[in-house]
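Protein chains in written order, with the working numbering: chain F, 48 to 430; chain X, 8 to 396. Idealized CB from N, CA, C, for every residue including glycine. A short worksheet on the structure shown next.
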Amino acid sequence: MKEALRGRFLILYLLVVVVLTGCWDQQEIEERTSIVALALDKSTRDDGLIRLSAQIPIPKKVAGSGTNSGGAGGKEAVKIISSTGFTVSGAANNLQKRLNQELFYGHTRVIAISEDLAKEGIGPILDSLRRVPQIRRLLWPVVVKGEALTLLQSNPKLEQIPILYLTDLLHNNAALEIIPDITLGRFYSDMSDSTVGPVMNIIEAKGDEMVWDGLAVFKLDKMIGQLNPKEVYSFLQIKEEKSGGTVYVPCHPNQPEKMVVLKPKTIVTKKDFKKAGDHLALNITIRIEGDVVETQCGIPLSKQENITNIERAIANDMKNRAEQLIKRLQTEMHQDVLAFATLLRATHPQWWDPKTWESQEFPKLDVNVDYRVHIRRTGMEAM
Amino acid sequence: MRVIVRMSNHNQNKSFILSSSQVMSLITSTIIGVGVLTLPRTVTEKAHQSGWISVLIGGMISLAITWMIMKLSQRFHGKNILSAGESVLGSKKNKWLGKVFAFPIAFIFMIYWILMTAGVARTFGEVVVTAVLVKTPLEVTVGTMLFVAFLMVTYDMEVMARVNEILLPIIIIPVLLIAVLSFQSAYFYRLLPLFPLDWIAVFKGVLAGVFGYQGYELMTLIMGNIQSERKEIRRAAMFGIAIPMLVYTLIVIAGTAAFGYEELKNLMWPTLELVKTTEVPGLILERIESAFLGVWVAAVFTTTANIYFAVCYLIKQLLGLKHHRYVAIVMLPALYYLAMWPRNVHLLFEYLTYASYIGFISSLGIPLFLLVIAMIRKQGEKQKGGQPS
């Protein structure tokens, strides 16, 4: 009796197994249209709509996928398609209407936003991106000079899927500490954070070139200005504690055209707030160690005196750049892009007032930047 | 399976005694469940950057409650909260008096556990439907979870204990790994300032984080099946709380350091986002969130099934039924209906918060109440007499 009952249970379990294997979401990979990059523009007809463009790789044209017809690289490997709508998801919906397969955003690597749109505010755009689980936090948002669509159309020819050129460019240069590592997740966090002004990389598409052109500075969700690559150099050193790449300065004030080039290797940034009476001051000490990679001056570097002079010249140059950047942020943009407030809130919360920081305290903040440059090596050349 | 069935049939009349590792895994895997996905948000919403302190304090409160339940268990050896309540509140002459007085106790736990089982199953369904299986109907995800839990509940406590014992490492190791790996995107200034500590905010954070620790009340049920006079059993119960405490603290620290508390507010499932931004070194697994969710299903299953088991066992005991299996069958549609009750995910969170308050107050209040009455009436002292506590 009991054995029979057990047998019946077995049948029940088998039935359960059959039912449980059903998968509502199963979808063949060729039944979806993967997007690698999205571009967001204002509609060209000036009707207040958003134009969403997508770069879609054509699987058959990408080399190594069976038919070897592709591989030439270039425009044939991707398709660019645009659609407009009142909102991002509306535009995406309209885009879907024109495609034979279902759109899939899981492979999106770049989200390009046009400068015009960024200046109007990207809050509504980001809201729709935040709600879609397929959009990953590790993709790269960029502001594009001019039309964002131009970035998708640009083809540097080194990658089959052109936008992967940009992701590699951003990724590798971020690893080299030349370009800030700003992913979508980081931009979200900075935007929510009341103590830091969010920034986003700017890319310009010039024909077949994709050129990194500094940082877009945001206030809340609106782009209010731009930091040029030279300013980003100081930005990286002060905020991110990253070297920023090589720097060249004149060896001697008398000969401004003869340069010496330093490649920083390690950097240590220390920030310290002090309060003298009612006045808040910030001391930034940056210690850089690096190698000389090039000189045009013809002075022997084996002499300690020359090395000391070069170190001083580089330190001065960096200090000037940093001070210019800070001055510009304080007087022109009124935006704490360097995240001084993050540090102030973390270390001296009693001195930080969220309401008046940006309008009153930050512009008046007394910032002293002090660079200490140490040249450790001079390369393979003995002199 | 056949062996287990036979053994458990054999053990049906004699009460089964849990080993120390089973006690630990039962408590740990019941606690770690859906809460782990939302905890960084819920605590930092109130306690801001000090959220992890709230989690630690919450853990300590849970430890204190565990200790109390263990004390109660030492007094009433082999009795769970219901039978202990019956003997505390009843008198020797009129046994029915105890039953009458103990009924509200059982009733509160029953209501709470029912709400919790349904709520956990629904939260599971919501996560799966929003983040992974977008096209799968909610009815299916919730239904399957409840059904699988039901399958486990049809067996005895021994089976439940063993299932938990097996699943524990599968749950703990990946969650710990995620917490540690996600420190790569951490920015530790976000955890500052530590002082001055806003105690009111931290306390609010504790209340918000209470939901994360729900599940240790299972101990009020299994206290009838442990040898609480043994020190290692009591220690195992404490460890059962300490493990989730460690996991939760790490997850909250990682979440706060990676996102900042202001961003955490905006994230529906912060731990899932944390997993998404985590890269495994060497790019072995690029999108570990699918692996993480797979593991997390096991964590939710143990929570759902254990609490489901607790309800059925309690009701069986209350009604004097032969086996809790029959209760489980009746309960299944009710639980499903209840799980589908909240109209949207925000209401669900609201209901779950209320439910967790009931749970917190009852799991704190009832053992304390019983312990105090037992002390006043000097009950269960004899058992204690021989044992140094």
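For Phe-265 (chain F), the three-state secondary structure derived from DSSP is strand.
Cβ-Cβ distances below 6 Å link Ser-129 (chain F) to Arg-98, Ser-100 in the same chain, with the five nearest sequence neighbours on each side left out; the list follows chain order. Rounded to whole angstroms, Lys-374 (chain F) and Thr-293 (chain F) show a C-alpha spacing of 23 Å. At a cut-off of 9 Å, the C-beta of Gly-92 (chain X) has no neighbouring C-beta in chain F. Here Leu-153 (chain X) is near Thr-124 (chain X), since their CB atoms are less than 9 Å apart. Between Val-125 (chain F) and Ile-158 (chain F), the gap from beta carbon to beta carbon reaches 9 Å or more.
For Leu-174 (chain X), there are no C-beta contacts with chain F under 7 Å, since the nearest C-beta of that chain is about 18 Å from it.
Fully enclosed beta strand (DSSP E) runs of no fewer than 3 residues occupy 187-191 of the segment 168-227 of chain F, in order along the chain. Under a 10 Å Cβ-count criterion, Thr-45 (chain X) is classified as buried, with 16 or more other Cβ atoms of the shown protein chains found around its own Cβ. Close partners of Ala-138 (chain X) in chain F (Cβ separation under 9 Å): Pro-180. DSSP, reduced to helix, strand and coil, places Met-270 (chain F) within a strand of the structure shown. Among the CB atoms of chain F, one or more fall inside 9 Å of the CB of Thr-284 (chain X). Around the beta-carbon of Ser-98 (chain X), fewer than 16 other beta-carbon atoms lie within 10 Å, marking it exposed. Under the three-state reduction of DSSP output, Ile-335 (chain F) falls in the strand class.
Secondary structure remark: continuous alpha helix (DSSP H) runs of at least 4 residues inside the segment 338-405 of chain F, in chain order: 351-375, 387-394. In summary, no residue of the segment 41-58 of chain X has a CB separated from any CB of chain F by less than 8 Å. Listed in chain order, the positions of the segment 229-256 of chain F with a beta carbon within less than 7 Å of a beta carbon of chain X are Gly-232, Tyr-235, Ser-236, Ser-239, Asp-240, Ser-241.
Under the Cβ distance rule, Leu-339 (chain X) does not count among the residues neighbouring chain F, no pair being separated by less than 9 Å.
Residue state for Thr-73 (chain X) is assigned as helix, using DSSP reduced to three classes.
In this structure, the CA atom of Thr-355 (chain F) is about 35 Å from the CA atom of Gln-273 (chain F). Taking 9 Å as the cut-off, the Cβ atoms of Lys-269 (chain F) and Lys-166 (chain F) count as close.
The CB of Trp-71 (chain F) comes closer than 8 Å to the CB of Leu-140, Lys-142, Thr-143, Pro-144, Val-147 in chain X, given here in chain order. In the structure shown, Tyr-418 (chain F) adopts extended strand secondary structure according to DSSP, grouped into three states. Under the three-state reduction of DSSP, His-331 (chain X) is assigned to helix. Judged by DSSP secondary structure, Ile-383 (chain X) falls within the alpha helix (DSSP H) whose first and last residues are 352-383.
With contact defined as three or more Cβ pairs closer than 8 Å, the segment 338-347 of chain F and the segment 307-321 of chain F are in contact. With respect to the 9 Å criterion, Asn-275 (chain F) and Asn-330 (chain F) are not classified as neighbours on the basis of their beta carbons.
Using a CB distance below 7 Å, the part of the segment 199-221 of chain X facing chain F consists of Leu-199, Pro-200, ordered along the chain. At a cut-off of 9 Å between C-beta atoms, Val-384 (chain F) does not count as an interface residue with respect to chain X. A contact between stretches requires three or more CB pairs, one per stretch, nearer than 8 Å, and the segment 223-230 of chain F fails this requirement with the segment 248-260 of chain X. DSSP, reduced to helix, strand and coil, places Pro-297 (chain F) within a strand of the structure shown. Cβ contact annotation for Gly-42 (chain X) (same chain, cutoff 6 Å, sequence separation greater than five): Phe-218, Gly-219, in chain order. The beta-carbon distance between Gly-261 (chain F) and Ile-271 (chain F), rounded to whole angstroms, is 14 Å. This is too long to meet the 8 Å contact definition.
Membership of Pro-311 (chain F) in the beta strand (DSSP E) is indicated by the continuous run 302-323. Going by beta carbons, Leu-79 (chain X) and Leu-377 (chain X) fall inside the 9 Å limit. A direct Cα-Cα distance of roughly 47 Å separates Arg-48 (chain X) from Ile-422 (chain F).
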